[in-house]
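K.L.:
So that we are looking at the same thing, I have put the structure below in structure tokens.
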């Protein structure tokens, strides 16, 4: 059932992606089916899940690695599915209008569906490695989504930025997962959390896992990719950055926190990074002129908040985090939808250019105001309930809790300020920018375009007024993370410390908004001289420079140098092993039969003559003599199969050699190499010869185990139905290897043709004319 | 290739060519019990093709079969992969093979194994590879000296044949 839901996403997504151009925005309808069905299915399963009885399914995949398709739907996953698939469905509806005339609607629809499926996999996976697989799938699909406008270099750069940062974090996380899994003896997440390892190894592993979560959820100092990712079309931003992708890190931290909060540096690290992100992101959100950038930094700030709540591992905070998770998803997607509508209808989202929103914009403005109010935690919204809960969680704790409380109150004040800024910029852009006159927007959005926004705004209000509606879900979700956690969301707790704090937060937020110019100036002075983006770019530049330098050393472009390195390695590695190892068991018989003598003479003569040849053709023919000599040796030793192969290969390779050599000068270049180079060549050649000969002697006497060939010979006829053991090995015992090898042959054939035809492809540069020296590699 | 051809060499080649192909087919089918197999069989057939190439150049090789070399590669790979996958569909390991004994009129009792099918795939790929090599490297008209003319569509005989 659970696997089928993920499979549905994969199938529909692939179909839409393949047929993308033809389907156009109808692809949204087909792709949107997958999250819609998922929501219905999840709600159908909700009964037992909310009672604390998770739905599980398991299919064996790679048991040797502990990698099984273990899926588990508990109440917290259910909450995430409400976000991922529920809000996802609304985003599809919204995108129907947003992408009305977009040529890439079909492609976007297919990728969004695949992305939704990957995200569903992340929240359902009950196996560390499986979780990692889906995690990386979200990275890859979001890379394609962010860069969907592939003609725009900014979009490509932003997509790559997101992929590199989250990918690096993901690799660290994989390392952490493996250490954790080995330490605990299981890769199943539910088992791992039931009996968590606590040693030093686990502590280090957790830091690695956190690195993955931090990069994915855009925590400072890894946040810089998220604002850049706003180049994507708004439905994509709305989905990736409100409901889904960036929540993956929060989800992971929430899962692990109750079990691991006290192991190693987990709690100080998560809480510290979360608070820093919340405050710094909030400050940064006060500055941009682009409404979408404002929301991006707002998201970063809120993710920091979520990180603190869900990562600290205290039952009350966990419950508050679950509530905020849902509230944030609702209001943030509403805000993104508003920005998308404004952008779509007026062509700008820059505060300095926004027109006044006149007639027909009522619903849009309402969605904006309600969602922003929820973000600012104004009473009677879902955001208020969640933030009250968060304040309550920390208000009665010890000194540490008080410190955290100070941090989140400060962050929330900034949240109020930038929420106000958002609303003010949208409704009174002139006032914010300090002008009096603004043109009025030409046309207003249709009701259908705003409808998804109206739905989420209504949900925000309803949940804010009647908290009992979602108290059960949040309660169960928190309980699934931490049995001691319970939500009990209520509208009115009486006049108490959290309420007073909330009021103070709102008041302070208004004050900061009013004083945003001086605040902005102070910030500009205090702001660090190096931004996250610059660090990222510096790292990328450094890596590229390092790679270029390494390549210029390793890949000199000189065939003799390559040959020397390869040959020297071939001589050194086995040579060292033979000198140090217990290899010598005396000389084997060298000449066992009279027939060996002429063959040996042929071989030695051919080899010597090949080195003395001055013409290329002659050298190849003499090498062929050596090859035939080897074949003769196989005949003498009684191995007709090998001999046959060797004869055939030798014949053909001489012909192929000749084909290639026709393009080279007839005679070898007569050039006396510098003395040092000459000495080096002789030394390497001699070393290779000596080592190979010694290896031949040594290996002949070095066998310590019974040869495997005996068993192969015995089982060839009964198991492989063949008397020719060599052939049975090729087609049966090592059949899969053979399949791989012939695939390589096909690839090689294609490669040869491609190389040989490179010079005659129509429209390509002719190596003979346009580029006088194509074979020379530039230093 | 060069217009000058040796009559004796030509005739000998024609004679040898068919015999070599028969030998290669024999090697392919006998391979499971006697020396031989798909790889060697393919190499021997390729050697026969090489002989024709030496006698008559690339046009001679092209006149042998009227399908493109990559058709051999594709057919061979498809055959091998299908042989590998069929046992999977039947619930065995990949490439699990089976043998059948058939009574034929002239030949008597013949044992056929599914391994021969796989070997045929290998055989076709080896031939395809060699044909590709001749196609890629053996075309006189794209010698480095001639590359200047290769830009001229009239001399690009590839697509027109």
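Residue numbers (the numbering used here), protein chains in the order written: chain X, 1 to 779; chain F, 1001 to 1161. Every residue, glycine too, gets a C-beta built ideally from N, C-alpha and C. Model, not experiment: these values are computed from the prediction.
Is residue 503/X buried or exposed, if buried means 16 or more other CB atoms sit within 10 Å of its CB?
P.N.:
With fewer than 16 Cβ atoms within 10 Å of its Cβ, residue 503/X is classed as exposed.
K.L.:
Note down the Cα distance separating residue 1028/F from residue 1075/F, rounded to an integer number of angstroms.
P.N.:
Roughly 16 angstroms separates the two Cα atoms.
K.L.:
Please name the residues in the segment 617 to 642 of chain X whose beta-carbon is closer than 8 angstroms to at least one beta-carbon of chain F, in chain order.
P.N.:
Flagged, chain order: 640 and 641.
K.L.:
In whole angstroms, give me the CA-to-CA distance for residue 780/X and residue 444/X.
P.N.:
Outside the shown range of chain X (1 to 779) lies residue 780/X, about which nothing can therefore be said.
K.L.:
Please return the same chain residues whose Cβ sits closer than 8 angstroms to the Cβ of residue 1049/F, not counting the five positions on each side in sequence.
P.N.:
So the list reads 1061, 1064, 1127, 1130, 1131 and 1134, once near-sequence residues are dropped.
K.L.:
What residues from the segment 653 to 668 of chain X come within 8 angstroms of chain F, judged by C-beta to C-beta, listed N to C?
P.N.:
Against chain F - using a Cβ distance shorter than 8 angstroms - the residues of the segment 653 to 668 of chain X are 655, 656, 659, 660, 662 and 663.
K.L.:
Which two residues bound the contiguous beta strand (DSSP E) that contains residue 39/X?
P.N.:
Premise fails: residue 39/X lies in the alpha helix (DSSP H), 26 to 44, not in any beta strand (DSSP E).
K.L.:
Can you tell me whether residue 84/X is helix, strand or coil according to DSSP?
P.N.:
It is helical.
K.L.:
Per DSSP, which one or two residues make a beta bridge with residue 67/X?
P.N.:
The partner list for residue 67/X (beta bridge, DSSP) reads 62/X.
K.L.:
May I have the straight-line CA-CA distance separating residue 442/X from residue 269/X, to the nearest angstrom?
P.N.:
Each residue's alpha carbon lies about 50 angstroms from the other.
K.L.:
Does the segment 303 to 321 of chain X come close enough to the segment 362 to 382 of chain X that 3 or more CB-CB pairs lie under 8 angstroms?
P.N.:
No, because fewer than three Cβ pairs between the segment 362 to 382 of chain X and the segment 303 to 321 of chain X fall closer than 8 angstroms, the two stretches do not touch.
K.L.:
Kindly say whether residue 771/X, judged by its beta-carbon, lies nearer than 8 angstroms to any beta-carbon of chain F.
P.N.:
Interpretation of residue 771/X is limited by its pLDDT of 39, a score under 50 that renders its predicted location unreliable; no figure is taken from the coordinates.
K.L.:
In the DSSP assignment, find the alpha helix (DSSP H) that holds residue 1050/F and state where it starts and stops.
P.N.:
Run containing residue 1050/F: 1038 to 1062, per the alpha helix (DSSP H) assignment.
K.L.:
What residue ranges within the segment 1070 to 1140 of chain F form continuous beta strand (DSSP E) runs of no fewer than 3 residues, ordered along the chain?
P.N.:
With a minimum length of 3 residues, the continuous beta strand (DSSP E) runs that stay inside the segment 1070 to 1140 of chain F are 1099 to 1104 and 1108 to 1113.
K.L.:
So what does DSSP say about residue 663/X, is it helix, strand or coil?
P.N.:
Here residue 663/X sits in coil by DSSP.
K.L.:
What does the Cβ neighbour count give for residue 492/X, buried or exposed, with the cut at 16 atoms within 10 Å?
P.N.:
So residue 492/X counts as exposed.
K.L.:
If you reduce the DSSP assignment to three classes, tell me which class residue 224/X lands in.
P.N.:
Correct three-state label for residue 224/X: coil.
K.L.:
Alpha carbon to alpha carbon, how far is residue 86/X from residue 1117/F?
P.N.:
Answer to the nearest angstrom: the Cα atoms are 52 angstroms apart.
K.L.:
Taking only runs of the beta strand (DSSP E) that begin and end inside the segment 405 to 430 of chain X, which ones reach a length of at least 3 residues, in chain order?
P.N.:
Counting whole runs of 3 or more residues, the segment 405 to 430 of chain X contains no beta strand (DSSP E) stretch at all.
K.L.:
Against chain X, with Cβ distances strictly below 8 angstroms, would residue 1035/F count as a contact?
P.N.:
Chain X contact via Cβ: present.
K.L.:
Which value, in whole angstroms, describes the spacing of the CA atoms of residue 456/X and residue 95/X?
P.N.:
Spanning the two alpha carbons is a distance of roughly 15 angstroms.
K.L.:
Just tell me which of 1069/F, 1039/F, 1138/F and 1092/F has its CA closest to the CA of residue 739/X.
P.N.:
Measuring from the Cα of residue 739/X, the nearest candidate turns out to be 1039/F.
K.L.:
Give me the Cα-Cα distance between residue 782/X and residue 90/X, rounded to the nearest whole angstrom.
P.N.:
Given a span of 1 to 779 for chain X in the structure shown, any question on residue 782/X remains unanswerable.
K.L.:
Confirm, please, whether the CB-CB distance from residue 636/X to residue 600/X is below 8 angstroms.
P.N.:
No, these two residues do not count as a Cβ contact at 8 angstroms.
K.L.:
Would residue 742/X count as contacting chain F if we go by Cβ distances under 8 angstroms?
P.N.:
By this cut-off, residue 742/X is an interface position.
K.L.:
By the criterion of Cβ-Cβ separation under 7 angstroms, what are the contact partners of residue 648/X in chain F?
P.N.:
What residue 648/X touches in chain F: 1040, 1043, 1044 and 1047.
K.L.:
Is residue 114/X close to chain F, meaning its C-beta is less than 8 angstroms from at least one C-beta of that chain?
P.N.:
Judged by the 8 angstroms Cβ criterion, residue 114/X is not in contact with chain F.
K.L.:
Can you say whether residue 488/X is buried or exposed, counting buried as having 16 or more other CB atoms within 10 angstroms of its CB?
P.N.:
Flag for residue 488/X reads exposed.
K.L.:
For residue 1135/F, return the contacting residues in chain X, with the cut-off set at a CB-CB distance below 7 angstroms.
P.N.:
Those are 753, listed as they occur along chain X.
K.L.:
Check each residue of the segment 707 to 722 of chain X: if its Cβ is closer than 8 angstroms to any Cβ of chain F, include it; give the result in chain order.
P.N.:
Going along the segment 707 to 722 of chain X in chain order, one finds 720, 721 and 722 with a Cβ nearer than 8 angstroms to chain F.
K.L.:
Can you tell me where the alpha helix (DSSP H) with residue 319/X in it begins and where it stops?
P.N.:
Start and end: 315 to 346.
K.L.:
Among 645/X, 613/X and 190/X, which has the Cα closest to the Cα of residue 627/X?
P.N.:
For residue 627/X, the nearest C-alpha among the options comes from 645/X.
K.L.:
What are the residues of the segment 723 to 741 of chain X that lie near chain F, defined by any Cβ-Cβ distance shorter than 8 angstroms?
P.N.:
Against chain F - using a Cβ distance shorter than 8 angstroms - the residues of the segment 723 to 741 of chain X are 723, 724, 726, 727, 728, 730, 731, 732, 735, 736, 738 and 739.
K.L.:
Let me know the secondary structure DSSP gives residue 489/X once reduced to three states.
P.N.:
Residue 489/X: coil per DSSP, three-state reduction.
K.L.:
Given 8 angstroms as the limit, is there contact between the segment 186 to 202 of chain X and the segment 252 to 259 of chain X, that is, 3 or more CB pairs closer than that?
P.N.:
Contact between the segment 186 to 202 of chain X and the segment 252 to 259 of chain X is present, because at least three Cβ pairs lie under 8 angstroms.
K.L.:
Starting from residue 580/X, follow the alpha helix (DSSP H) in both directions and report where the run begins and ends.
P.N.:
Start and end: 559 to 580.
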